[in-house]
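For the sequence shown, the numbering used here assigns the number 1062 to the initial residue and increments by one for each residue that follows.
From the three backbone atoms N, C-alpha and C, an ideal C-beta is built for every residue, glycine too.
Structure first, then comments.
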Amino acid sequence: ADRYFVGPIEPVPAGGEVLRGWAPIVDGRGGRVALLAVEVDASPFSEGMRRVTLRIVLVTVVLLLIGVGVAILLSRRAAGEIRALSRAASDVESGNLDRELGSGRIQEVADLTNTFGTMREVLKDVLAKTRRALVEGDRIRTSVDLSREFVRSFEPQLDFPAAGCVVAARHLGSRPSGSFYGAVEHR
1062 ADRYFVGPIE PVPAGGEVLR GWAPIVDGRG GRVALLAVEV DASPFSEGMR RVTLRIVLVT
1122 VVLLLIGVGV AILLSRRAAG EIRALSRAAS DVESGNLDRE LGSGRIQEVA DLTNTFGTMR
1182 EVLKDVLAKT RRALVEGDRI RTSVDLSREF VRSFEPQLDF PAAGCVVAAR HLGSRPSGSF
1242 YGAVEHR
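What follows is the structure, given as structure tokens:
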């Protein structure tokens, strides 16, 4: 067959490096009649390969350092935003619902911050409604208690034994009015 062979780059005793190659010489019928050997000074090639290898290593190291720097920067930014969100959660836990959070620069953290802000606003609204309901309940309870006391103090009680009797009563004068009317049970 018409194959050729190339050996590895080898140092020579006089200095430098050589690259050797061999190829068969064939006659008209395709038979091998000789072997041709070629030896080339490979020093410039080897030097070029060393420079390319050094550049590749340097570019790899620089890109690796840039990548590590960017990763550290992004992780610090994300950690800072998450710490701010954590502090806001602690404020909500302690009852401070007025702390506003700025929108984050990292999309996922910004979404989480917006969701937290919505939760905080809903919680603030629910607490305000609950407080209003409690105050209103106290006011209504106070009005009912006052009206019952009014009834006990100023309306005479019909307290006599009357088996099988029906007792009817009516108000004299104009129809009663005032803040207690309607809170007193009329039977």
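Looking from the CA of Val1170, the closest CA among Leu1135, Ala1103, Gly1076 and Val1129 belongs to Leu1135.
Taking the Cβ atoms as the reference, Leu1115 lies roughly 46 Å from Leu1146, outside the contact range of under 8 Å. Straight through space, the alpha carbons of Asp1199 and Arg1192 are spaced by roughly 11 Å.
Within the same chain, and ignoring the five residues on either side of Lys1185 in sequence, the residues whose Cβ sits closer than 6 Å to its Cβ are Leu1158.
Annotation for Arg1081: the continuous beta strand (DSSP E) segment containing it runs Glu1078 to Val1087. Leaving aside the five residues that flank Val1094 on each side, the residues in its chain whose CB is nearer than 6 Å to its CB run, in chain order, Ile1086 and Asp1088.
For Ala1139, the CB contacts under 7 Å within the same chain, skipping 5 residues up- and downstream, are Ile1167 and Val1170 in chain order.
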